[in-house]
Structures are given as structure tokens and as C-alpha cells.
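Start counting the sequence shown at 72; every next residue gets the next number (this note's numbering). All C-beta atoms in this analysis are idealised placements derived from N, C-alpha and C, irrespective of residue type, glycine included. Okay, structure first, notes after.
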Amino acid sequence: MTRAQLAIDRDRLWSDLMTLGVIGGTAAGGSYRPALSPADRAGRALFAHWAQEAGLALRIDAIGNMFARREGTDPTLPPVVIGSHLDTQMPGGRFDGPLGVLAGLEVARAMTRAGLATRHPVEIVNWTNEEGARFQPGVMGSAVYAGQLALGEVLERRDSTGVRLSDEMANARPGLSGIADAPLPGPVPHRYLELHIEQSARLETEGQDIAMVTRSSAMCSGYVSLHGENGHTQTLPMSRRRNALAAAAELILEIEKIGAGAEPDGMVGVSVIENWPNNRVNVPHLTRMSWAVVHLDAGERDRMVARIEAAVAAIRDARGLEITLEHRHYRAPVAFDQGLVTTGLEVAARLGLGAITMPTLTAHDALSLAGLCPTALIFVPCRGGVSHSEAEWCSPEQAANGARLLAEMARQAAG
Ligand SMILES: [Zn+2]
């Protein structure tokens, strides 16, 4: 039963990653491809071109998810789906997302080079808008596929300049012929496999090659609005000011302390701030910020949210401002398929790769799929654990190690 390993072309995978990376490429070596932007559209077109070149049949659904299919000997069987996303943060790096899609493509090519026929079809997917950088929420395309988000609702979402997502959907479809429509919500896959950079530094610190992810964290994210009072910055006595921005500054520092106290299992971020009237000589009367809590334990997540609520109440009382905390979005922890975790560890051992298990703090498309079918999320190291950054980096060898593991898991799953 032991067959030769599928031969991953490390140099081809690396050249694909670097070629895609220069689309929306930034001077500092990152990529800037917000979902459905002209750069994302160019990235999609390149993926479609490579998929067709590899002999894969392309389909696209109404949220722009792209599927590249390698037929199985029994086309009626559900596919083994391999994927991730090609959109990036603003700016982002070259690996968060693209690694999982392009490694999937290389797995399909390796199967064809080996003359391998699988019973189940194998599909490589590019999920639309995983990052949620331009349109919220993130993990959008896969959640719509899984029926967790309503298509009609997300199509009405607008970016910060007022552009409606539905008006950008024309940009989801590369201008190539031979791309068929795919149904939505999507059919249940046989298995879903996603390769991703770790986005923290544990693999690097421990000198390991692969992590099989066991579960995700509990999350809660939303906005907080601080309502003060407008006035003249050079005449209104300091004692009478109800400065929304000053109160926001105090709250940001309190929230940062709550995050520091929750490490390493929990974190919290405030990263978007809007301020009105945002004029040099007006005391700000309204400030709005985003916040997001993650913790491996749902109870601890709730306690962190309660601490933020307490900080809001204290600052409201001390400064005489109205502060509203909007709980926008709770996400419960998701457990990944234990059988696939075990398979991944076995395959890694066979390939001579050092492998461990770990949870993930952050969200991935695999969370959407985990509710549909047995799902595996696989991590490879990234330098310094850095991601959502132009400095994000993963070596050619690390990328290829992930693809080799993915290839063997896909072959095993596809039969
Ligand atoms: Zn990602």
C-alpha cells in the first residue's frame, strides 16, 4: 500500500507565491489586495489562468468563491476541497491566504504529473473576502458557502468609501471563458483541507515544521462609540470639556491592559478609530472605535468583555460622557476533526517532518467548513510569527513542507 510520495515542485510553488505577491505589491515587500479591488481581480485572473493551464475546470458562485476542479473517477462523489483566500489585509503579506490556495494548486498539478486517478474529485478553492479588511465581516465567502451568512445581506455591505459589495461582484469573475456557475450555499464536501501560515511563533520557537490545529478560540468583536460635546479647543475651559477623543484614549489604554493580562491564551485589540468633527479647533464630540477579543476559553472571553464593560462604565462616570458598547459578533470555539489531526501527525512523521498540535487564536475559512464536513487546518511556521504585515515571511522549504503534507492528506482523503 506504500506508494511513492507525490512530488511537490518547491520552485514552482515558490515562484507562484512570488508572482502573485507582486500583484498589489508594496514597496516594503508586502501585498495590497483588498477583496474585489482591481488588484484582487488581477490575482483572481492569475489563479484562473494557472488553474486552466493545469487542466482544472473552473466554477464561480454568487459571492465570488472560485473552484478549480480535478475530476475524480467517480464524479458523483463529493469533492475533497483544498483552499484558503487570495485577498489580503491593507497592507498584508505574501503568504496569509495565498499559501493555502497555491499549495492546493501545486497538489493538483503533482497528482496529474504522477498520473494519479482519485475516486473523489479534488477542488481548489479561493474563498472571497476572508480578511474582512474592505468589507465586513471577514471569513465571508466561506461562511456564505456554508449557509452561515445570508448572501442577500452581505451583498448590501459597503466599504468605507460607500461602494456596495454587490456592485463589485462583477470584479469577482475573471474575464476568461469557460467558467461555469457554482451553487450557493455550496454542496457538502467530502473533506476540507486548509494550509496556512501559523501567524504566531510557536513552531519557530520549538523548531517544528507542522502544526495540526485542534480547535479555534472564542471571539467577540464590535464597536464602541463615545459621545461628548463639541467646543472651541482654545477657549473652552479644560474643566468643562467632554472630549470624546480624550475619553477614547483612556479607554484604549484600559483595554490594552485587559489584553496584556489575558496573554498568552487571550488578546484584545482596538485598531480602527474614527473621530468627529476631526478638525483642529473643535473639541471632538464623537469618537468610534473597533474592538475585538479572543480567548481560548469562552468563559475567559466573557470575563474580558465584562472587564471592558467595567472600564467603559468607569470612564463614563468620571468624564460625564455617554459611551455605548456594541457587541457585534460572537463566535464560539470550533473543534477540528480529530481523525484528520491524527492523520496529519502520521503523514508528517512519514515525511520526516516534526509536527505538533495547537489551537488557533484567529479565524480562518476552515472554521466555516468545520460545520459542514471533516476539516483540517494545517500550520507551517512564519518568520517571527509576524503576519498582517508586509514583513510576513515563510521560506520556500517551509511552504513546500506544508504542500507535501497537504498532498498526502488529499490523496488519502480522495481515495
Ligand atoms: Zn488568512
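Whole-Å CB distance - Y263 paired with T446, under 8 Å assumed: 4 Å
Determine the direct distance from the alpha carbon of L322 to that of R130, and round the result to whole angstroms. 47 Å
Sequence-distant residues of its chain with Cβ nearer than 6 Å to G299 (five each side left out): R313, N314, A315, H356 and L392
At a cut-off of 6 Å, is G114 close to ligand 1 when judged by its beta-carbon and the heavy atoms of the ligand? Ligand 1 has no heavy atom closer than 6 Å to the beta-carbon of G114.
In chain order, which continuous runs of the alpha helix (DSSP H) of length 4 or greater are located wholly inside the stretch 208-233? Segments of the alpha helix (DSSP H) lying fully in the stretch 208-233: 211-216 and 222-226.
When every heavy atom of ligand 1 is checked, does at least one fall within less than 6 Å of the C-beta of G168? yes
So is T306 buried or exposed if we call it buried at 16+ other beta carbons inside 10 Å? exposed
Is L443 near ligand 2, in the sense that its beta carbon is under 6 Å from a heavy atom of that ligand? Ligand 2 is absent from the structure shown, which contains only ligand 1.
Taking the beta carbon of P254 as the centre, do at least 16 other beta carbons fall within 10 Å, making it buried, or is it exposed? exposed
Note the first and the last residue of the continuous alpha helix (DSSP H) segment covering T276. R273 to E277
Please report the straight-line C-alpha distance between A381 and D388, rounded to a whole angstrom. Between the C-alpha atoms of A381 and D388 there is a straight-line separation of about 11 Å.
Report the partner residues of H487 according to the DSSP bridge assignment. This structure gives no information on residue 487, because the portion of the chain shown stretches from 72 to 486.
Determine the burial state of H120: buried for a count of at least 16 other Cβ atoms within 10 Å of its Cβ, exposed for fewer. Under this definition H120 is an exposed residue.
Do the stretch 415-424 and the stretch 340-348 make contact, defined as three or more Cβ pairs closer than 8 Å? no
Given R83, which residues of its chain have a CB within under 8 Å of its CB, disregarding the five upstream and five downstream residues? Only E177 and R180 meet the Cβ criterion.
Who are A447's beta bridge partners in DSSP? L264
Taking A110 and I94 to be in contact with their CB atoms under 8 Å, please state how far apart those CB atoms are, rounded to whole angstroms. 6 Å
Is it the case that the Cβ atoms of A116 and P256 are separated by a distance below 7 Å? no
To the nearest angstrom, how far is it from the Cα of N242 to the Cα of G126? 23 Å
Please say whether T199 and N136 have beta carbons closer to each other than 7 Å? yes
May I have the straight-line CA-CA distance separating A474 from I79, to the nearest angstrom? 7 Å
Is the beta carbon of G425 less than 7 Å from the beta carbon of D280? yes
Could you spell out where the beta strand (DSSP E) holding W362 opens and where it closes? L357 to H366
Per DSSP, what kind of secondary structure is S155 in: helix, strand or coil? strand
Going by C-alpha to C-alpha distance, which of I250, S288 and T189 sits closest to A481? Taking only the C-alpha atoms, the option nearest A481 is T189.
If we call anything under 7 Å between Cβ atoms a contact, is F138 one with V196? yes
As assigned by DSSP and simplified to three states, the class of E202: coil
So, under 8 Å CB-CB, P149 and V259 are touching, yes? Tell me the CB distance rounded to an integer number of Å. 6 Å
Check whether the Cβ atoms of G168 and L157 sit closer than 7 Å, and answer yes or no. yes
Under 7 Å between C-beta atoms of R359 and S296: yes
Could you spell out the range, first to last residue, of the beta strand (DSSP E) harbouring V339? Boundaries of the beta strand (DSSP E) around V339: G337 to G340.
Straight-line Cα distance separating P308 from H459: 42 Å
Taking DSSP as the reference, what is the three-state secondary structure of L424? coil
Looking at C-alpha atoms only, which residue of A437, W85, I449 and A363 is the closest neighbour of I427? I449
Given R273 as reference, the closest of G442, R165, V225 and P430 once Cα atoms are compared: P430
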